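J.: Taken in order, the sequence shown gives residues 56 to 824; the numbers are from this note's numbering. First the structure, then my questions, so here it is.
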Amino acid sequence: MSSPTFPVATLGMPRIGPRRELKSLLEGHWAGTLDAAALTAGARELRAANWARQSARGVSRIPSNDFSLYDHVLDTTVMVGAVPARYGWDGGEVDAETYFAMARGRPANGSDKGAPAMDMTKWFDTNYHVIVPELARGMFFTPSSSKAVAEYREAKARGHETRPVLLGPVTYLLLAKANGFDPLSLLPGLLPVYQEVLHELTAAGASWVQIDEPCLGLDLDERTQAALKTSVTALAQAAPSLKLMLTSYFGGLGHNEALVLGLPVAGLHLDLVRAPGQLQLLSDAPSDLTLSLGVVDGRNVWRADLVAILGQLEPLIGRRSIELAPSCPLLHVPLDLDLETDLDPEIAQWLAFGAQKMDELTTLATGLEKGRTAIADALEASEAAIRSRRLSSRVNNPVVRARSKDVDATMTRRTSPFAERRMAQRDALSLPQYPTTTIGSFPQTRSVRKARAAHAHGMLSAEDYARFIAAETEVAVRRQEEIGLDMLVHGEFERNDMVQYFGERLDGYAFTRSGWVQSYGSRCVRPPILFGDVARPAPMTVKWSSYAQSLTDRPMKGILTGPVTMLQWSFVRDDLPRPEVCRQIALAIRDEVQDLEAAGLAAIQVDEPALREGVPLREADRAAYLAWAVECFRLATAGVSDATQIHTHMCYAAFNDIIDTIGAMDADVIAIESSRSRMELLDAFPATRYPNEIGPGVYDTHSPRVPSVPEMVALLQQASERLDPSQIWVNPDCGLKTREWDEVRRALLNMVAAARRMRDEGRVIVAAE
Ligand code: GLN
Ligand code: ZN
Numbered sequence: 056m057s058s059p060t061f062p063v064a065t066l067g068m069p070r071i072g073p074r075r076e077l078k079s080l081l082e083g084h085w086a087g088t089l090d091a092a093a094l095t096a097g098a099r100e101l102r103a104a105n106w107a108r109q110s111a112r113g114v115s116r117i118p119s120n121d122f123s124l125y126d127h128v129l130d131t132t133v134m135v136g137a138v139p140a141r142y143g144w145d146g147g148e149v150d151a152e153t154y155f156a157m158a159r160g161r162p163a164n165g166s167d168k169g170a171p172a173m174d175m176t177k178w179f180d181t182n183y184h185v186i187v188p189e190l191a192r193g194m195f196f197t198p199s200s201s202k203a204v205a206e207y208r209e210a211k212a213r214g215h216e217t218r219p220v221l222l223g224p225v226t227y228l229l230l231a232k233a234n235g236f237d238p239l240s241l242l243p244g245l246l247p248v249y250q251e252v253l254h255e256l257t258a259a260g261a262s263w264v265q266i267d268e269p270c271l272g273l274d275l276d277e278r279t280q281a282a283l284k285t286s287v288t289a290l291a292q293a294a295p296s297l298k299l300m301l302t303s304y305f306g307g308l309g310h311n312e313a314l315v316l317g318l319p320v321a322g323l324h325l326d327l328v329r330a331p332g333q334l335q336l337l338s339d340a341p342s343d344l345t346l347s348l349g350v351v352d353g354r355n356v357w358r359a360d361l362v363a364i365l366g367q368l369e370p371l372i373g374r375r376s377i378e379l380a381p382s383c384p385l386l387h388v389p390l391d392l393d394l395e396t397d398l399d400p401e402i403a404q405w406l407a408f409g410a411q412k413m414d415e416l417t418t419l420a421t422g423l424e425k426g427r428t429a430i431a432d433a434l435e436a437s438e439a440a441i442r443s444r445r446l447s448s449r450v451n452n453p454v455v456r457a458r459s460k461d462v463d464a465t466m467t468r469r470t471s472p473f474a475e476r477r478m479a480q481r482d483a484l485s486l487p488q489y490p491t492t493t494i495g496s497f498p499q500t501r502s503v504r505k506a507r508a509a510h511a512h513g514m515l516s517a518e519d520y521a522r523f524i525a526a527e528t529e530v531a532v533r534r535q536e537e538i539g540l541d542m543l544v545h546g547e548f549e550r551n552d553m554v555q556y557f558g559e560r561l562d563g564y565a566f567t568r569s570g571w572v573q574s575y576g577s578r579c580v581r582p583p584i585l586f587g588d589v590a591r592p593a594p595m596t597v598k599w600s601s602y603a604q605s606l607t608d609r610p611m612k613g614i615l616t617g618p619v620t621m622l623q624w625s626f627v628r629d630d631l632p633r634p635e636v637c638r639q640i641a642l643a644i645r646d647e648v649q650d651l652e653a654a655g656l657a658a659i660q661v662d663e664p665a666l667r668e669g670v671p672l673r674e675a676d677r678a679a680y681l682a683w684a685v686e687c688f689r690l691a692t693a694g695v696s697d698a699t700q701i702h703t704h705m706c707y708a709a710f711n712d713i714i715d716t717i718g719a720m721d722a723d724v725i726a727i728e729s730s731r732s733r734m735e736l737l738d739a740f741p742a743t744r745y746p747n748e749i750g751p752g753v754y755d756t757h758s759p760r761v762p763s764v765p766e767m768v769a770l771l772q773q774a775s776e777r778l779d780p781s782q783i784w785v786n787p788d789c790g791l792k793t794r795e796w797d798e799v800r801r802a803l804l805n806m807v808a809a810a811r812r813m814r815d816e817g818r819v820i821v822a823a824e
């Protein structure tokens, strides 16, 4: 590896390609239209393009093995041979078929009963998902993939000397599902596999390896710290000539600092964006330790303040060996801003995607080496962009600022306590016991998506599109009436996405064309960019909700996306504290809630599926987050009269540790996921601690399976053992937009029948008493 004075690293690149080529390759392969050889060739091209891209932009610590056909945790599972028995693997190099079966499940076929996929979980506090390792007590690991060394060689053959990346053993084990035992107990068996891989990499010529241990950003107990020490020591001993770059990211080292500084590594990466105070650490660190300084935000899309960063770095010149890097791998930002031909140029100049972040880093490296004058133009451009952003009238809306400052506690409190509101709502709604409803969306069929696309491309006029949506909405209302649901929804046919739809109607949000980031496997999302003060120029949902209400005598529920979710699923401005940004969104949603109430909607649901995932990685930060998240939800919802029923919905959340927060949101009704967990989740909701109403989902909408009446009755019975029957609502566990109408109709008919059976049984019991 040539050694520039200030080497630049990316730590890892987006894998999907500038036009989501990986998605097409994978989905073509899964559909059977692209054979394994073509997939391999396509993947090789994506890697080559990434290496070339980095090299062209002056990156000198180019990673390899950062690419993945699905995700790097699954790759690690394969590398160590931890393939669960149900995939029928019998040793040797794990083949692509087994790999994808683990990720996506293997369907039943003749005598083969098939095998369900492995679980997925969020990668730390990102919106990226990885496949959860399934480990068994005392299991045996064995090297089962040559991917790391093969990709190192592949890069070398193309003229790139790379630094292979491996997910560290301790983070890997901490991510695993281990039934009834401590996954760290498997470390001694795991380390030899890693050592073997390091030998191979050394033999192939690697001089550095990057070991990612993002668990260093968590509160680690002593046992885990000891495991890290054992692990890194073993890896360092494996190949004495090999240098290890240990990376921490998504936060500071915190109390893991002393441990880390004593580890036998040649390099250490620090996230200086989330934890700028760590720069202090430079004076404590051993003088021969190379520090990789994560100075450019790898998790967000804003252009860096080059002058400020230089100011931090210049005093370090000559004091020790440093590298410049993004705060974390570039996996979580879009690849290249230059693809955004439609983005408003005023906003575009404030942004830096992956490619631009590399440019920022190489510019900084040049500035450190040759002095500020050598990069004078770049510094000026950076300052001009920052000034423009600070002063822009698109960013600053004095009305919004003033209103947000005036928020007081009364605005976050409903008029009366739940017990009183409940009576007013019973009068207003006259619902039966075990009332039935759905979460909001009905199937987004091909024709709905086609009409939206045609409208977006100017091939369907606004009037015709509106007529189409009206007709779909009416069909959905009639179908819900026929099915016999008690509280209806309009179906969300007009919405492309639950965040995008609202973002497009709010000031302060911008949208990209190609700003894709990977969500999991082949799935990508394009998070909106929340760049300025948020205001609502006009009502966003009143038209379709009140139209739907006009079609029926049954109560219609308005459906909105909550402020925390609007925040969590966007790239958020970094020039204002997050709670303040969230409060602005909450005020906009509050206005919408009140407009819906005024339009005659007696129930309004404010979805917060992302509230749980926003919980910070470190314990010390949690209470503050939960407090402002709850306050924003309440600010959005508390402006209505007692008789208006506020619902909320969350999916896949482990509620046990945040039950008090859920209670503090004070929604009248919460609809939650629980069919998969067989109502276990309700153990968190004893009636004593959660007096409000709850709809524990009885129908898993993520599967095409139609649940039977007895099955749902059984779930409701379990629910009624844990809750007071008068608290219970009956609903699916999430929206229905990805399902087919036929299965939805059958499932909801069964669900309504199950609710009726519960009412009848209740009556029998009451009569018998
Ligand atoms: N109301 C939304 C829907 O039904 C909720 C989606 C979600 O929870 N992610 O689609
Ligand atoms: Zn949901």
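C-beta: ideal position from N, C-alpha, C; glycine also. Here the structure is a predicted model, which means the values were calculated and not measured.
Taking the alpha helix (DSSP H) that Val-768 falls in, what are its first and last residues?
T.: Run containing Val-768: 764-777, per the alpha helix (DSSP H) assignment.
J.: Name the DSSP beta bridge partners of His-324, please?
T.: Thr-302, Ser-347
J.: Give the secondary structure of Ser-57 by DSSP, where H, G and I count as helix, E and B as strand, and everything else as coil.
T.: Below a pLDDT of 50, predicted positions are generally treated as unreliable, and Ser-57, at 49, falls in that range; the measurement from the model is reported next regardless. Ser-57: coil per DSSP, three-state reduction.
J.: Can you say whether Asp-274 is buried or exposed, counting buried as having 16 or more other CB atoms within 10 angstroms of its CB?
T.: Exposed: under 16 other Cβ atoms inside 10 Å.
J.: By how many angstroms is the C-alpha of Glu-674 removed from the C-alpha of Gly-67?
T.: 28 angstroms
J.: Leaving out five residues before and five after Ser-342 in sequence, what residues of the same chain have Cβ atoms less than 7 angstroms from its Cβ?
T.: Arg-375
J.: Roughly how many angstroms lie between the CA atoms of Glu-635 and Arg-99, to the nearest whole one?
T.: If I take the Cα positions, the gap works out to 44 angstroms.
J.: Starting from the Cα of Leu-308, find the closest Cα among Ala-719, Tyr-520, Ser-382 and give me that residue.
T.: Ser-382
J.: Would Asp-541 count as contacting chain C if we go by Cβ distances under 7 angstroms?
T.: Here there is only one protein chain, and chain C is not present.
J.: On a CA-only basis, which of His-704, Glu-189, Thr-465, Trp-571 is nearest Glu-728? Give me that one, please.
T.: His-704
J.: Tell me, which residues are paired with Arg-116 by DSSP?
T.: Ala-64
J.: Measuring CB to CB, does Gln-700 end up less than 7 angstroms from Gln-480?
T.: Contact flag set, yes.
J.: Quick check: does the Cβ of Pro-664 come within less than 6 angstroms of any heavy atom belonging to the ligand ZN?
T.: yes
J.: For the ligand GLN, is there any heavy atom lying closer than 6 angstroms to the beta carbon of Gly-272?
T.: no
J.: Leaving aside the five residues before and after Pro-139 along the sequence, list all residues of the same chain whose C-beta is less than 6 angstroms from its C-beta, in chain order.
T.: Excluding positions up to five away in sequence, the list reads Glu-189.
J.: Taking only runs that begin and end inside the stretch 155-213, name each unbroken alpha helix (DSSP H) of 4 or more residues, in chain order.
T.: 202-212
J.: Count the C-beta pairs between the stretch 783-792 and the stretch 745-759 that are closer than 8 angstroms, then say yes if the count reaches three, no if not.
T.: Short answer: they touch.
J.: Three-state secondary structure (DSSP) at Pro-73?
T.: Note: Pro-73 maps to coil in three-state DSSP.
J.: Measuring CB to CB, does Trp-357 end up less than 7 angstroms from Asp-588?
T.: no
J.: Ala-259 and Val-204 - do their beta-carbons sit closer together than 7 angstroms?
T.: yes
J.: Along the chain, where does the alpha helix (DSSP H) that runs through Ser-443 open and close?
T.: Run containing Ser-443: 431-446, per the alpha helix (DSSP H) assignment.
J.: So the beta strand (DSSP E) Trp-683 belongs to, where does it begin and stop?
T.: Segment 674-692 is the alpha helix (DSSP H) holding Trp-683; no beta strand (DSSP E) there.
J.: Could you compute how far the alpha carbon of Pro-582 sits from the alpha carbon of Ile-186?
T.: So the alpha carbons of these two residues sit roughly 22 angstroms apart.
J.: Is Ala-730 near the ligand GLN, going by C-beta to nearest heavy atom under 6 angstroms?
T.: Reading off the sequence shown, one finds Ser at residue 730, where the question assumed Ala. Outside the cutoff, so no.
J.: For Ala-684, count neighbouring C-beta atoms within 10 Å of its own C-beta (all shown protein chains included) and say buried if the count is 16 or more, exposed if not.
T.: With 16 or more Cβ atoms within 10 Å of its Cβ, Ala-684 is classed as buried.
J.: Count the other C-beta atoms from every protein chain shown that fall within 10 angstroms of the C-beta of Glu-847, then say buried if there are 16 or more, exposed otherwise.
T.: Since the first residue of the chain shown is 56 and the last is 824, residue 847 is not available in this structure.
J.: For the beta strand (DSSP E) that Trp-263 lies in, which residues bound it at each end?
T.: 263-267
J.: Can you give me the C-alpha to C-alpha distance between His-702 and Ala-281, rounded to a whole angstrom?
T.: 46 angstroms
J.: Which residues in the same chain have their Cβ closer than 7 angstroms to the Cβ of Leu-515, if we skip the five residues on either side of it in sequence?
T.: Ala-506, Ala-509
J.: Using DSSP bridges, identify the partner residues of Pro-751.
T.: Pro-751 is bridged to Ile-727.
J.: Have a look at Ala-440 and Asp-432 and give me their C-alpha separation to the nearest angstrom.
T.: 12 angstroms
J.: Could you tell me the distance, in whole angstroms, from the CA atom of Ser-601 to the CA atom of Thr-607?
T.: 10 angstroms
J.: So Thr-596 packs on Glu-647, CB below 8 angstroms; how close in whole Å?
T.: 6 angstroms
J.: Given a cut-off of 7 angstroms, decide if Ala-420 and Phe-61 are closer than it, judged by their beta-carbon atoms.
T.: yes
J.: Cβ of Ile-725 within 6 angstroms of any heavy atom in the ligand GLN?
T.: no
J.: Just to check, is the beta-carbon of Cys-706 closer than 6 angstroms to a non-hydrogen atom of the ligand GLN?
T.: yes
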